[in-house]
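Asks: Dropping the structure in here first, questions after.
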Amino acid sequence: MSFTGLPDLHRHLDGSMRMETLDELAKAEGKRVPPDIRFHAGMGLDAALQRFAFTVGVLQTPEAVRRVAAEICEDAADEGVTTLEIRFAPQLHGECAEIVDAVLAGIDGRAGLILCGLYGEDPAVLAG
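When you line the sequence shown up against our numbering, it's residues 4 to 131, in that order.
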């Protein structure tokens, strides 16, 4: 069996930032990137959620999410990924339609999107 191309069908918008981008966005918000921000195998859910809380906190503008989405596409292409889907919960980053539009502009047709509703969240939030 021969495969061509590499799929990545669950890349987190808020967990796949370049370190230099994370640092720049954090500084713009007056924040310092925690020294243990990197994700690693076996870290546990609580540790991962703490890291996501920080990264989501610096992705609160359409400009920031557009930039990160574009960079994720660039990085994936550099890694040989030919099929990419980026996963995120737009309601965590601002007004849903505005954030989705910004991510769509950033990916510019280079990836698909997985939009997430969060367990226990009011469905009205997702409609906004």
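For every residue, glycine included, the Cβ atom is placed at its ideal position computed from N, Cα and C.
Taking just the CA atoms, how far does ALA92 sit from TYR122?
Replies: Locating residue 122 in the sequence shown gives position 119, counting from the first residue. Locating residue 92 in the sequence shown gives position 89, counting from the first residue. About 11 Å.
Asks: Should ARG177 go down as buried or exposed, given a rule of 16 or more other Cβ atoms within 10 Å for buried?
Replies: In the structure as shown, the chain starts at 4 and stops at 131, and residue 177 therefore has no counterpart that could be examined.
Asks: Measure the alpha-carbon distance for GLU101 versus MET20 and round it to whole angstroms.
Replies: Taking the sequence shown and counting its residues from 1, one reaches residue 101 at position 98. Taking the sequence shown and counting its residues from 1, one reaches residue 20 at position 17. Distance between the alpha carbons of GLU101 and MET20 is about 20 Å.
Asks: Touching or not, the stretch 102-119 and the stretch 80-91, by the rule of three or more beta carbon pairs under 8 Å?
Replies: Counting Cβ pairs under 8 Å, three or more are found: they touch.
Asks: In this structure, how does DSSP classify PRO10 when only helix, strand and coil are distinguished?
Replies: Residue mapping note: residue 10 aligns to position 7 of the sequence shown, counting from 1. It is a strand residue.
Asks: Using alpha carbons as the reference points, say which of ASP104, GLY18, ALA108 and GLU74 lies closest to VAL59.
Replies: Within the sequence shown, numbered from 1, the residue matching residue 59 stands at position 56. It is GLY18.
Asks: Does DSSP put PHE42 in a helix, a strand or coil?
Replies: To locate residue 42, count along the sequence shown from 1; it is residue 39. If DSSP states are grouped into helix, strand and coil, PHE42 belongs with coil.
Asks: Can you name the start and end residues of the beta strand (DSSP E) that GLU88 belongs to?
Replies: Here residue 88 corresponds to residue number 85 of the sequence shown, with the count starting at 1. Where GLU88 is concerned, the enclosing beta strand (DSSP E) stretches over 84-91.
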